[in-house]
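Below: one structure, written as structure tokens.
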Amino acid sequence: MTDPSRIRNFSIVAHIDHGKTTLSDRILQQCHAVTAREMHEQMLDDMELEKERGITIKARAVTLRYTARDGQDYVLNLIDTPGHVDFSYEVSRSLAACEGAVLVVDATQGVEAQTLANAYLATHHNLTIVPVINKIDLPSAEPEKAREQIEQVVGIPADDAVLTSAKMGIGIEDLIERIVRDIPPPKGDPGAPLKALLFDSWYDPYRGVTSLVRIVDGKLEPRMKIRAMGTGLETDVEALGVFRPQAEDVPSLSVGEVGSFWGNIKDLHSTRIGDTITDARNPTAEPLEGFAEAKPMVFAGLFPTDADEYANLRDAMEKLRLNDASFTFEPENSTALGFGFRCGFLGLLHMEIIQERLEREFDLDLITTAPGVNYRVTTTKGEVLEIVNPNHLPPPNYIERIEEPYITATVITRDDFLGGLLKLCEERHGTQKSLEYLASNRVVLTYDFPLNEVVLDFYDKLKSISKGYASFDYEFAGYREGDLIKLDLLVNGDPVDALSLIVHRDEAAVKGRFLAAKMKEIIPRQMFEVVIQAAIGSKIIAREQVSAIRKNVLAKCYGGDITRKRKLLEKQKEGKKRMKRVGRVDIPQEAFLAVLKVE
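Numbering (the working numbering), first residue to last: 29 to 627.
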């Protein structure tokens with residue numbers, strides 16, 4: 029059992045690409061947690077996707093031993109977190125298990141939108157923040173400017189911020205000494221009944237559900253009967269472990285320690301992240317407050333290309349949901365695509381990652397429909413409906429009002445890109461709340477946007493207009509009424525439900541025309557003509573036509589009367605008519621993605 033005064037629990041938070049994972053690698057090396065032979069880049073990123081994309085997707089906890097300069101031994105529990113806005117839920121969960129946060133700022137880029145968001149998250153959890161200015165070895169590094177920005181924008185003193193270069197290994201020991209000195213040890217009563225925060229869990233094919241906990245009071249030991257206070261689940265603890273960074277079994281976990289336990293938990297839904305774990309025979313009086321459930325912001329349909337794969341897709345999603353509590357799904361049926369699922373994601377990157385993991389880890393072939401958001405519809409009878417799929421929208425004469433989700437977005441950019449970004453924000457129905465200068469050439473913009481306008485390609489546009497310099501972060505700001513209507517796409521008179529959209533009334537005609545034209549390019553020519561129409565209710569607003577492939581029936585008819593030729597052509601025309609009635613148009617996967625490109 030470690031003396032709680034010798035434990036330091038901390039998280040590393042930063043904007044994407046500011047060097048969190050490399051810094052974690054260097055701290056592991058400095059604490060001799062891995063040998064030189066075992067060391068490789070991105071030590072804490074296990075997923076193949078994380079290594080490929082060079083981003084952290086899942087937060088990871090590791091327990092390290094460190095001997096300080098004063099000769100004292102300390103236990104450091106380090107939690108490496110993701111930087112992308114879609115995974116801020118992972119960050120908030122990790123911070124709940126810590127007493128301090130190391131805030132990393134890139135010396136060349138300065139304070140960015142996610143730096144600000146993560147600093148606010150840490151302050152909200154009452155954590156001690158240790159500012160770190162990283163990448164000081166680069167020729168374009170301006171540590172003094174970064175220091176100034178931390179003080180002005182984030183509002184924390186940065187005169188003694190630690191200067192590091194994670195790549196070169198500069199300043200790592202100074203940083204660990206600061207963590208030991210400034211971050212407070214955990215508080216808690218080792219003699220009280222067990223109280224532990226469950227802050228992550230994942231599915232291990234060999235051991236079942238692995239639950240990651242932070243002990244607040246009391247002690248957790250093998251063969252102890254525990255209860256999850258939120259779900260009421262009771263189980264015996266079979267084994268306890270910590271990650272150093274390889275998994276290692278331990279005899280017990282006490283106050284302030286972070287580790288994992290395995291119980292006889294086979295059902296994926298019986299544990300809930302944020303729950304309080306306590307002793308079933310001697311429970312604690314009050315549960316910990318836990319944290320708010322992650323609310324999905326973006327919804328899309330996932331369908332197997334082969335209908336027989338439906339059961340495999342369901343099993344794969346069940347397993348993935350345990351590893352990622354913010355991912356939700358429910359069964360859905362589409363006339364165009366058959367049986368599938370309507371899934372909820374935190375953002376577009378999250379959706380991309382989930383789709384890629386399903387295809388890779390479970391060997392599935394999927395079709396994804398265009399992402400949309402959750403609308404709130406009030407009917408004339410006064411009922412309030414949550415609508416995720418445009419096809420569940422009641423007829424227009426039954427709708428009193430439609431409300432859509434809004435977000436408050438923060439954009440930090442260089443002032444030479446300001447004009448282009450303001451134009452982009454106006455195009456996306458944004459309402460400007462503030463515009464402030466951080467320094468002579470850096471601007472913070474705050475805008476309110478309908479989430480639907482931002483969810484598709486806003487981030488890509490933002491990056492291309494600002495040549496990659498602008499950074500973007502957002503938070504949910506509630507529902508507001510909008511002038512919205514449903515846009516349908518008809519192929520040969522039949523609506524393709526997977527291509528329906530809910531759009532602003534003033535954009536419907538333009539989007540309809542564009543979508544119909546795009547479909548004409550994508551849908552391959554058939555033996556019969558294909559008519560593509562965009563419609564609002566019963567009103568057709570755009571029409572395109574894919575002409576039929578014609579077989580030359582007159583090839584063998586030479587000479588003789590014109591009526592012979594006419595007879596053959598009439599026969600062909602009749603055949604095409606019959607074919608059009610019974611023929612089915614196969615719509616390729618690109619058609620469902622074309623909706624994303626609608627400008």
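Positions of the beta carbon are idealized from the N, C-alpha and C atoms, including for glycine. Bear in mind that the values here come from a model prediction, so they are computed numbers and not experimental data.
About 7 angstroms separates the beta carbons of Asp101 and Arg34, which is inside the 8 angstroms limit, making them a contact pair. Between Glu481 and the set Arg442, Leu529 and Val524, the nearest pair of CA atoms involves Leu529. According to DSSP, residue pairing for Gln460 in a beta bridge involves Tyr475. Where Ala576 is concerned, there is no enclosing beta strand (DSSP E), because DSSP gives it neither an H nor an E. With a threshold of 16 other beta carbon atoms within 10 Å, Val130 meets it and is buried.
The stretch 358-378 makes contact with the stretch 326-344; the number of CB pairs closer than 8 angstroms reaches 3 or more. In this structure the stretch 404-419 does not touch the stretch 452-466; the number of beta carbon pairs closer than 8 angstroms is below three.
By the Cβ rule, the stretch 491-499 does not count as touching the stretch 392-400, because fewer than three pairs are nearer than 8 angstroms. In the structure shown, the three-state DSSP call for Ile301 is coil. Beta-bridge annotation (DSSP): Thr396 is paired with Leu330. In this model, Ala537 and Ile569 are separated by some 6 angstroms (Cα to Cα).
Pairing Tyr502 with Arg404 gives a Cβ-Cβ distance that is not under 7 angstroms.
Using a Cβ distance threshold of 7 angstroms, Ala150 and Ile161 do not count as a contacting pair. The way I'd put it, the stretch 168-185 doesn't touch the stretch 203-223; fewer than three beta-carbon pairs between them come closer than 8 angstroms. Contact annotation: Ser282 and Gly269 have beta-carbon atoms that are not nearer than 7 angstroms. In the structure shown, Gln600 adopts helical secondary structure according to DSSP, grouped into three states.
Proximity of the stretch 453-472 to the stretch 421-432 falls short of the contact definition, fewer than three beta-carbon pairs being nearer than 8 angstroms. If you draw a straight line from the Cα of Gly521 to the Cα of Asn419, it is about 16 angstroms long.
DSSP, read as helix, strand or coil, puts Val182 in helix. Spanning the alpha carbons of Pro233 and Ala267 requires a straight line of approximately 16 angstroms. Under DSSP, the beta-bridge partners assigned to Leu413 are Val405.
For Pro250, the CB contacts under 7 angstroms within the same chain, skipping 5 residues up- and downstream, are Val265, Glu266, Ala267 and Leu268 in chain order. Rounded to the nearest whole angstrom, the C-alpha separation of Ala194 and Ala42 is 14 angstroms.
In this structure, the straight-line span from the alpha carbon of Phe542 to that of Thr407 is close to 31 angstroms.
Ala467 has Arg470 as its beta-bridge partners, per DSSP. Considering only Ile440, Phe477 and Asp485, the residue with the shortest C-alpha distance to Tyr465 is Ile440. For Glu172, the enclosing alpha helix (DSSP H) has its first and last residue at Pro171 to Gln177.
Following the DSSP letters along the chain, one finds Asp516 inside the beta strand (DSSP E) bounded by residues Leu512 to Val519. Contact between Pro422 and Phe504 fails: their C-beta atoms lie close to 25 angstroms from each other, not under 8 angstroms. Relative to Val181, the option among Lys489, Gln142 and Thr95 whose CA is nearest is Gln142. Just measuring C-alpha positions, the residue of Asp444, Gly588 and Leu479 sitting nearest Ala467 is Asp444.
About 5 angstroms separates the beta carbon of Leu191 from that of Ile164, a gap short enough to meet the 8 angstroms contact definition. For Ile415 and Glu140, the gap between their C-alpha atoms comes out near 34 angstroms.
Taking a 10 Å sphere around the C-beta of Ile577, we find fewer than 16 other C-beta atoms and assign the residue as exposed. One thing to note: Pro32 has its Cβ within 7 angstroms of the Cβ of Gly284.
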